[in-house]
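What follows is a short report on a single structure.
Residue numbers (this note's numbering): 22 to 193.
In structure tokens, the structure reads:
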């Protein structure tokens, strides 16, 4: 299976997660191409049917700067026939009112423009008050990674479990 991973990062946490995901997926015989959104044309996303998008929530509920700079073009894309899973890095203790908002900010236009969202997870393992990443069923629209409050092994365990789930959900 071919998977395109698109990410943006300002502190390297999302880069670390992306590298781990790429290695894990390749170990499991999947073809993975990674694209830092700072250097990629946002329309390149449309070249993939199976997509993983990573974006940390920055400041107080904002998109990371590289995603912010392409957002107007991103939300115009037609995602019909595309399947995507989202992940983000954030600080659930320091910013409990907007933990993982960036996931919601990117997942909402993806779904509105015909994309199929996979990789929702229960919020049980997290401590936060609110998030734009919560869906109507009170599930997160993607994987949350909190390198500020969880150790690296915990983050890796979350990624492995989530990756195993989305591999099953990706078509073909």
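Beta carbons: idealized from backbone N, C-alpha and C, even for Gly.
Residue i, enclosing beta strand (DSSP E) - first and last residue
i, result
"residue 86", "First-last for residue 86: 86-95, but that is the alpha helix (DSSP H), not the beta strand (DSSP E)."
"residue 104", "104-110"
"residue 137", "137-139"
"residue 164", "163-166"
Distance between residue j and residue i (C-alpha atoms, nearest Å)
i, j, result
"residue 56", "residue 38", "13 angstroms"
"residue 112", "residue 170", "7 angstroms"
"residue 42", "residue 184", "8 angstroms"
"residue 88", "residue 138", "19 angstroms"
"residue 54", "residue 25", "5 angstroms"
"residue 190", "residue 61", "26 angstroms"
"residue 96", "residue 63", "10 angstroms"
"residue 176", "residue 146", "11 angstroms"
"residue 30", "residue 150", "24 angstroms"
"residue 154", "residue 106", "12 angstroms"
"residue 73", "residue 108", "8 angstroms"
"residue 67", "residue 173", "32 angstroms"
"residue 193", "residue 162", "22 angstroms"
Strand pairing of residue i, partner residues [DSSP]
i, result
"residue 79", "83"
"residue 57", "28"
"residue 71", "104"
"residue 52", "23"
"residue 142", "161"
Residue i burial status per 10 Å Cβ neighbour count (16 or more: buried)
i, result
"residue 181", "exposed"
"residue 101", "exposed"
"residue 148", "exposed"
"residue 167", "buried"
"residue 7", "No answer is possible for residue 7: it lies beyond the span of the chain, which begins at 22 and ends at 193."
"residue 85", "buried"
"residue 48", "exposed"
"residue 50", "exposed"
"residue 157", "exposed"
"residue 121", "buried"
"residue 32", "exposed"
"residue 114", "exposed"
"residue 164", "buried"
CB contact below 7 angstroms: residue i versus chain C
i, result
"residue 83", "The chain labelled as chain C is not found in the depicted structure, where only one protein chain is given."
Run of the alpha helix (DSSP H) containing residue i, from where it starts to where it stops
i, result
"residue 46", "34-48"
"residue 115", "Taken as a continuous stretch (DSSP letters only), residue 115 belongs to no alpha helix (DSSP H), as it is neither H nor E."
"residue 181", "173-190"
"residue 129", "122-133"
Kindly confirm or deny that the region 118-131 and the region 72-81 touch, where touching means at least three C-beta pairs closer than 8 angstroms.
With contact defined as three or more Cβ pairs closer than 8 angstroms, the region 118-131 and the region 72-81 are in contact.
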